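Reminder that position 109 of the sequence shown reads as 118 in my numbering, one-by-one numbering, no gaps.
Virtual Cβ for every residue (Gly too), placed ideally from N, Cα, C.
Keep in mind the model is a prediction, meaning the values are calculated, not measured.
Below is one structure, written out as structure tokens, with a few remarks after it.
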Amino acid sequence: MESLDTMLAAHRAYLLGWNIGVAGGPDLPTYRSGVPHATLNGVLRVAGRTPQDALAEARQRLHGVPRVWWVGPDSDPGTADGLADLGAAEVARLPIMTVAIGEAADVPPPAGLDITETTDLDAFVAAYARVSGIPADGVAATIEREKAFTGDGTVIRLAGRLDDGGIVGTTVAWLSQGLVTLYFVGTQPEQRRRGIGAALTSAALRLAAERGARTAALTSSPIGESVYRNLGFRPVGEFRLLTF
10 MESLDTMLAA
20 HRAYLLGWNI
30 GVAGGPDLPT
40 YRSGVPHATL
50 NGVLRVAGRT
60 PQDALAEARQ
70 RLHGVPRVWW
80 VGPDSDPGTA
90 DGLADLGAAE
100 VARLPIMTVA
110 IGEAADVPPP
120 AGLDITETTD
130 LDAFVAAYAR
140 VSGIPADGVA
150 ATIEREKAFT
160 GDGTVIRLAG
170 RLDDGGIVGT
180 TVAWLSQGLV
190 TLYFVGTQPE
200 QRRRGIGAAL
210 TSAALRLAAE
220 RGARTAALTS
230 SPIGESVYRN
240 LGFRPVGEFR
250 LLTF
């Protein structure tokens, strides 16, 4: 299993791939996509900086876009509480979950679901935007950022389609730091409880294993945690997401 530090480095590398602004140094890395969606702009860690200094600099870099602060094990102890003292509100606690790919449950797709890699970013982004809460006026910018995505790693985009060809589920697999981290794992609301998300996750792990990854990691929403536990993922840490 890869270390937690490696998983956190891969997470930072993925979100920095969205950045079109000043990323800063390892003490205060930020990413600014320009998409009007908080989790696509934000602060990735605070290390060796006071919350007051971090807040002042981050506000300059991220002015004009909604954003979040990812406060996890790679930030200084007390960072979340220090930001809360300055007026930040906690919006979520997300477990960091991991599994050795060889030990994960293998879930076949439900009947009628075809899972393939896709380069049709217009349809792919429109599908995950609906699930993730990206507003309609932000979809075009998200598509452009996906097309221009950069980063020290490889992106695999998987789409689950039913017989009519419509995308009902998505997964982004990010191969970096010798492991795979998963993003935008989502199923259209009207198609949930059919095992689509689990099948997409399982398919992403198989592809990642073929490309040399041995460990998978993700940050889970409350709605997905039981699905990932059933696949074999276990929590190894936590992010507290805050916003001002």
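On a Cα-Cα basis, can you pick out the residue from the options that is closest to residue i?
| i | options | result |
| --- | --- | --- |
| Ala109 | Arg223, Ala22, Gly206 | Arg223 |
| Phe193 | Thr180, Leu251, Gln186, Val134 | Thr180 |
| Glu11 | Gly174, Gln186, Tyr23 | Gln186 |
| Gln61 | Val80, Pro45, Pro86, Asp94 | Asp94 |
| Gly272 | Ser235, Asn28, Val52 | This structure cannot speak to residue 272, because the chain is shown only from 10 to 253. |
| Leu188 | Leu240, Arg154, Gly221 | Gly221 |
| Gly204 | Arg215, Ser229, Gly169 | Gly169 |
| Asp172 | Leu122, Thr127, Trp183, Ala136 | Leu122 |
| Ala157 | Arg139, Glu66, Tyr23 | Tyr23 |
| Pro244 | Leu227, Asp146, Leu250 | Leu227 |
| Pro82 | Met16, Gly111, Ala225, Ala114 | Met16 |
| Ala113 | Phe248, Glu247, Tyr237 | Tyr237 |
Buried or exposed for residue i, going by 16 or more other Cβ atoms inside 10 Å?
| i | result |
| --- | --- |
| Phe242 | buried |
| Ser235 | exposed |
| Ile232 | exposed |
| Phe253 | exposed |
| Arg70 | buried |
| Arg154 | buried |
| Pro198 | exposed |
DSSP three-state call for residue i: helix, strand or coil?
| i | result |
| --- | --- |
| Asn50 | strand |
| Thr15 | helix |
| Val100 | strand |
| Pro198 | helix |
| Ser185 | strand |
| Asp94 | helix |
| Thr159 | coil |
| Ala89 | helix |
| Val245 | strand |
| Ile165 | strand |
| Leu1 | Nothing in the structure corresponds to residue 1, since the chain is present only between 10 and 253. |
| Leu171 | coil |
| Val116 | coil |
| Gly57 | coil |
| Val140 | helix |
| Val108 | strand |
Can you name the start and end residues of the beta strand (DSSP E) that residue i belongs to?
| i | result |
| --- | --- |
| Asp129 | Where Asp129 is concerned, there is no enclosing beta strand (DSSP E), given that its DSSP letter is neither H nor E. |
| Ala225 | 224-228 |
| Arg41 | 39-41 |
| Val31 | Element bounds for Val31: n/a, residue is neither H nor E. |
| Val74 | Careful: Val74 lies outside any beta strand (DSSP E) and carries neither H nor E. |
May I ask which residues mark the beginning and end of the alpha helix (DSSP H) holding residue i?
| i | result |
| --- | --- |
| Pro60 | 60-70 |
| Val236 | 234-240 |
| Ser211 | 205-219 |
Tell me whether the stretch 103-121 and the stretch 204-222 touch, counting them as touching only if at least three CB pairs, one residue from each stretch, are closer than 8 Å. Contact holds: three or more Cβ-Cβ distances are below 8 Å.
Counting pairs of beta carbons, one from the stretch 164-173 and one from the stretch 52-61, are three or more of them closer than 8 Å? Segments in contact, no.
Please confirm if the stretch 141-156 is in contact with the stretch 34-45, defined as three or more CB-CB distances below 8 Å between the two stretches. yes
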